[in-house]
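>
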Amino acid sequence: MTIPVPLPLARRIASDLANRHDVTLLFPDTFPDSLVSDALVPIVTLAYHAGGNTRITKAQVDQSVSFTLPGVPGVALDLLSLIPPVYGIPVGTVLRGACASLKRTVIRLSPDACTAGGELLTTLCHELAHAAGIERNGIAGTLAYVVPEGRAGAEGPAYGQTLAGMVYLSGADVRTAVTQIKAIIGGYAMDAAAETLTGLMVDQTAASIEAGAAIGGPWAEIAEALRAGGVDVSGVPT
Ligand SMILES: [Zn+2]
Numbered sequence: 044m045t046i047p048v049p050l051p052l053a054r055r056i057a058s059d060l061a062n063r064h065d066v067t068l069l070f071p072d073t074f075p076d077s078l079v080s081d082a083l084v085p086i087v088t089l090a091y092h093a094g095g096n097t098r099i100t101k102a103q104v105d106q107s108v109s110f111t112l113p114g115v116p117g118v119a120l121d122l123l124s125l126i127p128p129v130y131g132i133p134v135g136t137v138l139r140g141a142c143a144s145l146k147r148t149v150i151r152l153s154p155d156a157c158t159a160g161g162e163l164l165t166t167l168c169h170e171l172a173h174a175a176g177i178e179r180n181g182i183a184g185t186l187a188y189v190v191p192e193g194r195a196g197a198e199g200p201a202y203g204q205t206l207a208g209m210v211y212l213s214g215a216d217v218r219t220a221v222t223q224i225k226a227i228i229g230g231y232a233m234d235a236a237a238e239t240l241t242g243l244m245v246d247q248t249a250a251s252i253e254a255g256a257a258i259g260g261p262w263a264e265i266a267e268a269l270r271a272g273g274v275d276v277s278g279v280p281t
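155 is the number that the working numbering gives to position 112 of the sequence shown; each next residue is one higher, with no gaps.
(1) Does any heavy atom of ligand 1 sit closer than 7 angstroms to the C-beta of H64?
(2) Just to confirm, are V79 and L89 a CB contact at a threshold of 8 angstroms?
(3) Return no unless some Cβ of chain C is closer than 8 angstroms to the Cβ of G272.
(4) Are there any heavy atoms of ligand 1 lying less than 7 angstroms away from the beta-carbon of A156, as far as the coordinates show?
(5) Assign T205 to one of three DSSP states: helix, strand, or coil.
(6) I need the DSSP call for I46, collapsed to helix, strand or coil.
(7) Taking the beta strand (DSSP E) that I150 falls in, what are its first and last residues?
(8) When burial is assigned at 16 or more other CB atoms within 10 Å of the CB, is Y276 buried or exposed?
(9) CA-CA distance, A207 and N62?
(10) Whole angstroms is fine: what's the gap from G272's alpha carbon to G95's?
(11) Would the C-beta of E198 count as close to ligand 1, meaning under 7 angstroms from any of its heavy atoms?
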């Protein structure tokens, strides 16, 4: 099934949920451009390059990549500096610089993610899962992201949320969506074991969706917000 979501409603829901979770949400047309373009996008581009995807450009990240970065308090910042350089890129130092300017966790929605309501909320599902992980695990979770197993632990649940959005909001076939997601996961520079682990977490969510079971997490909150906004979500488990 497909749940059509008007873009203005999707934006309102995204803002409400960000406030509820104490997250700063950056829309393409409302965020301070200097923060995103001069600080955050270069960091994320470097992270891609450090992970082995050296083809992606800063302009592509700017247009297409949504991401979540933690606001890191006080002494924990120094821990970020301990992340060693990867392929000569001083990831720890650069990340420390970016996070020092953030007062709290930031979700950046890319222009591509904000062209339609369903796409926006599907992206929000994914990024709110990351924000929840940051809330639970703090700096330890952020540090863990530099090793493949840490990325698996963060991206598995997040892509489970993406899957729910693709299926429920865009009407995607579950198995086709799982295949698409696994192709994306292949770009995260994990080793075979971590990639398998991430895929298993997505498979688990797929099995829940196929069984008509609730999957919880950000999707459940978004479905509830859609219901409150007058959208019929009666056919969808939350
Ligand atoms: Zn992610």
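Yeah, the Cβ is synthetic: ideal placement off N, Cα and C, and Gly gets one too.
No experiment lies behind these values; they were computed from the predicted model shown.
Looking at the atomic coordinates:
(1) no
(2) no
(3) No chain C is part of this structure, which consists of one protein chain only.
(4) Placement of the Cβ of A156 at a distance of 7 angstroms or more from every heavy atom of ligand 1 is found.
(5) T205 falls in the helix class under three-state DSSP.
(6) coil
(7) 149-151 is the span of the beta strand (DSSP E), which, as asked, contains I150.
(8) Residue identity differs from the one stated: residue 276 is Val in this sequence, not Tyr. Per the 10 Å Cβ criterion, buried.
(9) 22 angstroms
(10) 42 angstroms
(11) yes
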